[in-house]
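Protein chains in written order, with our numbering: chain W, 51 to 251; chain A, 51 to 251.
Where is the CB? At the ideal position from N, CA and C, for every residue including glycine.
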DNA sequence: GCGAGAGTGGACCTTCCGGTCCAGTATTCG
DNA sequence: CGAATACTGGACCGGAAGGTCCACTCTCGC
C-alpha cells in the first residue's frame, strides 16, 4: 500500500506546518501517523530529508491543484480570478487558525535555510507560482495601462501575500491580512485603464 | 565589563541571522565570540533562551536607531522619509548578501514559532514598526486622498517589505526586491491627492 | 594584599534525535 | 505452499546540544 506513505506525508506536513521542520522529529511523525517502530518509517523513507522533500512536493501539488487552478479557471475574467485567488489564500489561512501555510511561506523558508536542495525546491515553487500569475496578467495586458509589467506585478503580489501570511501568523490574527489583501486587490485594479473595466459590476 | 556580554550578543545576532536560532548552538556562539569554556558563557547568560531575548532586544534597538530614526527625520518630507526608509531596507539587505535581516523577518519568525515569549516580542517589534509608519502617515494625511487609512497602509508596507525580504532571501538575489520596493513606493504615491505633491522634484 | 568578579579549560551529565538492526508476525499473491 | 512485502516492537548507537561543576588564574578596585 502506498496509502501508508501518503499518510506519513500527510502527518508530517501538518506537523511541520505547525511546528516547523526542525521542531518535528521523526518520532513525532511516527506517533502522529500511527506507525509503530522507526523501522516502519524507514521502510518508506530512507531519511528525514527524503521525507522533507516529499512534504515539499506535496505542498507543491496541493497548491497547484487548489490554489493555482483558480488562476486558470476559464469561466472567470482573469483579473477576477486573481482576486478570487487572493481571497482563497486569506481564507485558507484563516481556516487553519493563522498557522498553516496554504501555499508557501512560513516553514518552507525555514527548510530553504536548512538545506540547499530544499532551498532550490522552494525557489522553484515561488517561480512556478509567479509564472502562473504572470501569464494571467499577460492575458489582460491590453486592458492595462502603458508600462504595466506583469512579471513585476506577479512578484509584488506574491511578496505581499507572503508578508501578510507571515505577519498574521506572528500576530495569530487574520484581520490584518484581510486588510492587506484588500489593498493589494485595489493596487492591481489601479493598473487597469480607465474605461477598460472587466465585464463585472 | 559588559563589553563581553555585548560581544556575545553581537556574535549570536550575526550567527542567528545567517543560520537561524535553532541552527546556532551555544558552542558556535562561544567560538565566534572568542570565549573559552561554556562556563564563561553561562557566566553571562543563564540559558540560550536568555541569549535569544537579548538578541531580539538588540534587533529591536538597532532597528529603532537606524531604521526607524529615518522615519522621524524632521529634515525630510514625511513621504520622502518613507521612501528613504524603504530604500534603506533594500540596501541593507543587499549589503548582507540577501541573508541578514536588517529589521525583522526571517529568523525572528522562526524564533516566534519556537517560544511564546519570543513570539510576543516579535509581535511587539512589528507593532512598534507599524506605529512609526502610521504616525508618519498621519502627518501627511491632509495631502492624501479621501478614505486614506494610514494604519492599514502601514501594515501593508510592512507586509510587502517582509515578503520581499523573504523572497529575495530564498532566491539569494536582490533584484526582485528592488522591483517590489519601487512598486511599493509607487503605490503609496498613488494615494496622494492630485496637485498635492510634496515639495520635491 | 585581598577578595570579587572576569576569564580559562575541560570533564561530565542528560536528553533528544536521526538512524540501524533484529526478530518476529500478518498479509497477500503468484 | 512459499516468498515477498507490510507491519510490530524495541534495543541500541553515535553524535549533537544544552547545561552543570569544578579547579584554577588573572586583574582590578578597595
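Can you list, in chain order, the stretches of the alpha helix (DSSP H) that have 4 or more residues and sit fully within the region 161-201 of chain W?
166-189
Pull out every residue of the region 54-81 of chain A whose Cβ sits closer than 8 angstroms to any Cβ of chain W, in chain order.
69, 70, 72 and 73
Where residue 55 of chain A and residue 79 of chain A are concerned, what is the direct C-alpha to C-alpha distance, given to the nearest angstrom?
12 angstroms
So which of W:115, W:66 and W:187 has the shortest CA-CA distance to residue 201 of chain W?
W:187
For a minimum of 4 consecutive residues, which ranges assigned as the alpha helix (DSSP H) are wholly contained in the region 54-126 of chain W?
76-83, 88-94, 98-112 and 119-122
Report yes if the C-beta distance between residue 224 of chain A and residue 170 of chain A is below 8 angstroms; otherwise report no.
no
Using a Cβ-Cβ distance cut-off of 8 angstroms, determine whether residue 181 of chain W contacts chain A.
no
Please name the residues in the region 219-232 of chain A whose beta-carbon is closer than 9 angstroms to at least one beta-carbon of chain W, in chain order.
219, 220, 221, 222, 226, 227, 229, 230 and 232
Please list the terminal residues of the continuous alpha helix (DSSP H) segment that includes residue 224 of chain W.
Run containing residue 224 of chain W: none; DSSP gives neither H nor E here.
Please check the pair residue 157 of chain A and residue 102 of chain A, which I expect to be a contact at CB under 8 angstroms, by giving their CB distance rounded to whole angstroms.
So it is not a contact: roughly 10 angstroms between Cβ atoms.
Here's the rule I'm using: 16 or more other beta-carbon atoms within 10 Å means buried, otherwise exposed. How should residue 218 of chain A be labelled?
buried
If you draw a straight line from the alpha carbon of residue 89 of chain W to that of residue 59 of chain W, how long is it in whole angstroms?
16 angstroms
Buried or exposed (CB count within 10 angstroms, at least 16 for buried), residue 107 of chain W:
exposed
Rounded to whole angstroms, how far is the Cβ of residue 205 of chain A from the Cβ of residue 241 of chain A, which I believe are closer than 8 angstroms?
Incorrect: roughly 14 angstroms between the Cβ atoms, too far for contact.
Please report the Cβ distance between residue 176 of chain A and residue 208 of chain A, rounded to the nearest whole angstrom; I am assuming they are in contact, meaning their Cβ atoms lie under 8 angstroms.
7 angstroms
Just to confirm my understanding: we take residue 250 of chain W, look at its own chain, exclude 5 residues before and 5 after, and list those with CB closer than 7 angstroms. What are they?
Caution is warranted here: a pLDDT of 49 is assigned to residue 250 of chain W, below 50, making its placement in the model unreliable, and the coordinate value is therefore given only provisionally. Correct list, in chain order: 127 and 130.
Measuring straight from C-alpha to C-alpha, what distance separates residue 119 of chain W and residue 138 of chain W?
11 angstroms
Using a threshold of 8 angstroms, state whether the C-beta atoms of residue 226 of chain A and residue 172 of chain W are closer than that.
no
Extent of the continuous alpha helix (DSSP H) to which residue 134 of chain W belongs:
128-145
Given a limit of 9 angstroms on CB to CB distance, which residues of the region 202-213 of chain A reach chain W?
202, 203, 205, 206, 208, 209, 210, 211, 212 and 213
Assigned exposure category for residue 174 of chain W - 16 Cβ within 10 Å defines buried:
exposed
Chain W beta carbons: is any one of them nearer than 8 angstroms to that of residue 176 of chain A?
yes
Is there a C-beta anywhere in chain A that falls below 8 angstroms from the one on residue 160 of chain W?
yes
Taking just the CA atoms, how far does residue 70 of chain W sit from residue 166 of chain W?
17 angstroms
Residues of the region 126-147 of chain W in Cβ contact with chain A at a cutoff of 9 angstroms, in chain order, please.
none
Does the beta-carbon distance from residue 74 of chain W to residue 62 of chain W come in below 8 angstroms?
yes
Within 8 angstroms of any Cβ in chain W, is that where the Cβ of residue 217 of chain A sits?
yes
Contacts of residue 242 of chain A in chain W (Cβ-Cβ under 7 angstroms):
Within chain W, no residue comes near residue 242 of chain A; the closest Cβ sits about 13 angstroms away, beyond 7 angstroms.
Of the residues A:53, A:95 and A:77, the one placed nearest residue 87 of chain A, counting alpha carbons only:
A:77
For residue 197 of chain A, which of W:57, W:81, W:180 and W:233 has the nearest alpha-carbon?
W:233
With a threshold of 8 angstroms between beta-carbons, can residue 163 of chain A be considered close to chain W, or not?
yes
Give the DSSP bridge partners of residue 242 of chain W, in chain order.
W:194
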